[in-house]
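A.B. asks: Number 417 in UniProt numbering belongs to position 417 of the sequence shown; there are no gaps in the numbering. In this text, a Cβ means the ideal position worked out from N, Cα and C, and glycines have one as well.
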Amino acid sequence: MRIVLGVGGGIAAYKVASLLRLFTEAGHDVTVIPTEAATRFVGVATWEALSGHPVSNSVFDAVHTVNHVRLGHEAELIVVAPATADLLARAASGQADDLLTNTLLMAGDCPVLMAPAMHTEMWQHPATQANVETLRSRGVTVLEPASGRLTGADSGPGRLPEPEAIFTAAMALAGASAVRSAPAGADVEPDTGQAEAGPSVVRPLAGLTVTISAGGTREPLDPVRFLGNRSSGKQGVALAAAARDAGARVRLLAAHMEVPAPDGVELLRVETALELRKAALHAAADSDVVIMAAAVADFRPADVSGTKIKKRDDVADPVINLVRNPDILRELVEVRDAASRTQLIVGFAAETGDAGGDVLDYARDKLHRKACDLLVVNQVGRDKVFGEDTNSVVILSRTGSEPQEASGSKSDVAAAVIDRISAELSRVVPPA
Ligand code: CTP
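1. Grouping DSSP H, G and I as helix and E and B as strand, with all else coil, what is Asp419?
2. Using the beta-carbon count (16 or more within 10 Å), is Glu334 buried or exposed?
3. For Ile418, which of Arg312, Ala293, Glu331 has the nearest alpha-carbon?
4. Is any heavy atom of the ligand CTP found at a distance shorter than 7 Å from the C-beta of Met292?
5. My understanding is that Thr134 touches Ala92, with C-beta atoms under 8 Å, so please give their C-beta distance in whole angstroms.
6. For Ala96 and Ala170, what's the separation of their Cα atoms in angstroms?
7. So, are the CB atoms of Arg138 and Ser147 less than 8 Å apart?
8. By alpha-carbon positions, which one of Ala153, Gly6, Leu150, Leu252 ends up nearest to Leu105?
9. How far does the alpha helix (DSSP H) with Leu104 in it reach, from first residue to last?
10. Is Ser213 near the ligand CTP - that is, is its Cβ less than 7 Å away from at least one heavy atom of it?
11. When the distance is taken between beta carbons, is Leu150 closer than 8 Å to Thr101?
12. DSSP three-state label for Asn391, please.
13. Using a Cβ-Cβ cutoff of less than 7 Å, which residues in the same chain neighbour Ala297 once the five nearest sequence positions on both sides are dropped?
14. Use the C-beta contact count for Ile11: other C-beta atoms within 10 angstroms, 16 or more gives buried, fewer gives exposed.
15. How long is the line joining the alpha carbons of Ala184 and Ala283, rounded to whole angstroms?
16. Give a yes or no on whether the C-beta atoms belonging to Ser213 and Leu267 are separated by under 8 Å.
17. Mind checking Val289: buried by the 16 CB within 10 Å criterion, or exposed?
18. According to DSSP, is Arg2 part of a helix, a strand, or is it coil?
19. Using a threshold of 8 Å, state whether the C-beta atoms of residue 434 and Val69 are closer than that.
20. Mind pulling the alpha helix (DSSP H) runs of 4 or more residues that sit fully within the stretch 266-351?
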């Protein structure tokens, strides 16, 4: 595959040398385009030696080859790392003041992945967030930066994800877009990048897009109060990491979470059930798998006060009226079926059981009502609290196959769920 690797002017540019090696060792043909600032961190000679191609950052070099047009047209994947705040801004506003931004504008349908790295304040600045949103709305995959120690004494979100995580996300994106752009019935092998990548790694979800919701929604009551729930997001985050490691392109729709999102996934933050519904329906439109691990509030306050609700001695204490939120999982299934889409939809259920039935009775009933393909059932109770690092679940299938138990760390449970999803998918589309 022909890859253009754009390198921005940040200290993390040195890590991109390892990313370049991962690409070339997997047999890809990589042209590196550093920005002017990037060459102050890592010199042109390094990129030329590692890629085996001449390296330039000017549209005025090799003018007779019209480099930016050629590179933009020929690229099958463009990866930009580190994507600095400046580079994100220039790409979002469509500037064309160097070879890399020119190439991005010439890229047409080519999948583009950007891996940002910068100080936390710069990443969280509304200007940067708006640029990221603009790029994402145009179909660019912008990874979330990793959290941890930054260049100075500061730490927080802003680190470049590890080269392996960027490599996996890039291969998943290229595979997903190859599968999507193939004519119906075409026999496309997603390029997993693993063909010549040394010891073979099993990536059963390579080429697939997986959308996962995680955490608990918060339903505002006034500017300072909300109705929430105890979900920590740990299980959803573990699922996102497991799906990523299985080679999928992962979109994480994150409601309130107590843990950071994993590297190498696309993150979209939501707050309320209604925001999650909108994001989930949008993301599901081109997802092969949707996993609803979020704890969605079933009800929201009927009225949201624009100002803080004050206690007053001269009026009665407020009564909160609730209205029902839409059932997102049920709606996802309905939309899929109406569109005759091939898509695996997985729900989660937290049950306590009561005098009317045990956990599995309620779970079977829920599977029937929600009509999803798999339901991962959690028993919750006084001794099984939210936020723990371990979990014990039963996976029920609508095809009626035997319930499957999984327990251990949330990563172990996530791996078991992803294995089960892979098995279900291979039953639908048997491997060639
Ligand atoms: N869910 C959803 N939309 C809602 C509520 C829940 O999509 N409004 C999803 C959850 O993400 C989860 C599944 O539905 O995958 C089951 O959630 P749960 O809260 O257990 O189910 P409820 O529909 O709330 O059922 P009940 O109130 O009967 O327990």
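C.D. replies: Concretely, from the data shown:
1. helix
2. exposed
3. Ala293
4. yes
5. 4 Å
6. 24 Å
7. no
8. Gly6
9. 99-105
10. yes
11. no
12. strand
13. Thr217, Glu219, Leu227, Asn229, Ala273, Asn325
14. exposed
15. Caution applies to Ala184, whose pLDDT of 43 falls short of 50 and renders its modelled position unreliable; the value that the coordinates give is listed next. If I take the Cα positions, the gap works out to 21 Å.
16. no
17. buried
18. strand
19. What is shown of the chain runs 1 to 432, which leaves residue 434 out entirely.
20. 273-284, 328-338
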